[in-house]
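Worksheet for the structure shown next.
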Amino acid sequence: MGSAVGQVPEYIEMVTRWVKQYSRMPCIVKLTPNIADIRKPAEAAKRGGADAVSLINTINSITSVDLDLFAPEPTIDGKGAHGGYCGPAVKPIALNMVAEIARNSETHGLPISGIGGVTTWRDAAEFMALGAGNVQVCTAAMTYGFKVVQEMISGLRDYLDSHEMALSDLVGRAVPNVTDWQYLNLNYVTKAVIDQKACIKCGRCYAACEDTSHQAIAMKPGRVFEVIEEECVACNLCLDVCPVEDCITMRELAPGELDRRTGIKRGDYANWTTHPNNPMAKAAE
Ligand SMILES: Cc1cc2nc3c(=O)[nH]c(=O)nc-3n(C[C@H](O)[C@H](O)[C@H](O)COP(=O)(O)O)c2cc1C
Ligand code: SF4
Ligand code: SF4
Numbered sequence: 010m011g012s013a014v015g016q017v018p019e020y021i022e023m024v025t026r027w028v029k030q031y032s033r034m035p036c037i038v039k040l041t042p043n044i045a046d047i048r049k050p051a052e053a054a055k056r057g058g059a060d061a062v063s064l065i066n067t068i069n070s071i072t073s074v075d076l077d078l079f080a081p082e083p084t085i086d087g088k089g090a091h092g093g094y095c096g097p098a099v100k101p102i103a104l105n106m107v108a109e110i111a112r113n114s115e116t117h118g119l120p121i122s123g124i125g126g127v128t129t130w131r132d133a134a135e136f137m138a139l140g141a142g143n144v145q146v147c148t149a150a151m152t153y154g155f156k157v158v159q160e161m162i163s164g165l166r167d168y169l170d171s172h173e174m175a176l177s178d179l180v181g182r183a184v185p186n187v188t189d190w191q192y193l194n195l196n197y198v199t200k201a202v203i204d205q206k207a208c209i210k211c212g213r214c215y216a217a218c219e220d221t222s223h224q225a226i227a228m229k230p231g232r233v234f235e236v237i238e239e240e241c242v243a244c245n246l247c248l249d250v251c252p253v254e255d256c257i258t259m260r261e262l263a264p265g266e267l268d269r270r271t272g273i274k275r276g277d278y279a280n281w282t283t284h285p286n287n288p289m290a291k292a293a294e
């Protein structure tokens, strides 16, 4: 289906119905990610009788511009068009879209084939944990050859064996843990902790927290970096920029422990829907 037509749910439903009517082959509808709400085409495919959906296709993109020719690259006779973004960079987008379909009640049970940046067995396992019954590989095969799939199979087998799981135990296992932000526990409080023995004194955590977060890391003489618990909001930024693995970790406050930033003891689960600062707050049901 052309990209414009391919994004209209009514057409997806109609074409899927035709295919199911005139073919005995399984019909797996491939979904474009170039759409705001991926659930709509998936619902249309299901209504049309699809046996499964597969996603994602490539994302419309211009990767770079030739600054002498002033045209998108790759350039053909002075012009460029958008291309299809794919590979590891699109995996987070693909994972989210797979999860959106897997947890949508309208498409519950519709088999999903996960595509987008699958390069290692871990990638495959992540797609499956979010509801994909299998995965497809394009860019990784183009980059490394078909052998890359053998490594995915052996890696996945080792992972399942070490966790004493069957593949069916893995598929969809993370779906119940995918939620919307307003339901996240606001009373889950953590604080960054720096392992001074592991720290190489590069100062990246300091720069990140000082300039773009909450000024919660102090630089002391001798380039000793320490977290100021009274200021730390647990944004995780320092942990993301630290080049030393496990040098910065997040410590969870115990129930009842005082949060020195807010002066409030850690309470039970509570989310934004009932928070006093939320103008739309409604009493917990
Ligand atoms: C060179 C190239 C050609 C592609 N051609 C098609 C195609 O003809 N039909 C299609 O549905 N998807 C096509 N795709 C999209 C892939 O099947 C896949 O959905 C996408 O690249 C994301 O997976 P990946 O990150 O593993 O590459 C193509 C991708 C690439 C890179
Ligand atoms: S978690 Fe965020 S606020 Fe806390 S120290 Fe790290 S960067 Fe600063
Ligand atoms: S980013 Fe990590 S290694 Fe660098 S100073 Fe901070 S804690 Fe130390």
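Add 9 to the 1-based position in the sequence shown for our numbering, that's all there is to it.
The C-beta atom is built at its ideal place from N, Cα and C for all residues, glycine as well.
- Scanning the stretch 167-201 from its first residue to its last, the whole alpha helix (DSSP H) runs of 4-plus residues come out as 176-179.
- The Cβ atoms of residue 255 and residue 207 lie closer than 8 Å to each other.
- Residue 200 has its Cβ no nearer than 7 Å to any heavy atom of ligand 3.
- Relative to the non-hydrogen atoms of ligand 3, the Cβ of residue 230 never comes closer than 7 Å to any of them.
- Annotated three-state conformation of residue 59 is coil, per DSSP.
- In this structure, residue 212 has its CB closer than 7 Å to one or more heavy atoms of ligand 3.
- At the C-beta level, residue 87 and residue 78 come within 8 Å of one another.
- For residue 168, same chain residues with a beta-carbon under 7 Å away, outside a window of 5 residues either side, are 130 and 134 in chain order.
- In this chain, the beta strand (DSSP E) harbouring residue 75 covers 73-75.
- When Cβ pairs closer than 8 Å are counted between the two stretches, the stretch 208-221 is seen not to touch the stretch 161-180, the count staying below three.
- Distances from the CB of residue 253 to the heavy atoms of ligand 3 include at least one below 7 Å.
- A check of alpha carbon separations from residue 51 across 69, 28 and 16 identifies 16 as the nearest.
- When C-beta atoms of the stretch 161-176 are compared with those of the stretch 237-245, fewer than three pairs fall below 8 Å, so the two segments do not count as touching.
- Take residue 164, set aside five residues on each side of it, and the residues of its chain with a beta-carbon closer than 6 Å to its own are 130, in chain order.
- Per DSSP, the unbroken beta strand (DSSP E) holding residue 235 starts and ends at 233-236.
- With 16 or more other Cβ atoms from the protein chains shown falling within 10 Å of its own Cβ, residue 64 counts as buried.
- For ligand 3, a non-hydrogen atom lies closer than 7 Å to the CB of residue 208.
- With respect to residue 278, residue 186 sits apart: the two C-beta atoms are not nearer than 8 Å.
- Counting along the chain, the unbroken beta strand (DSSP E) around residue 144 starts and ends at 143-145.
- If you check the CB distance, residue 25 and residue 61 do not come in under 8 Å.
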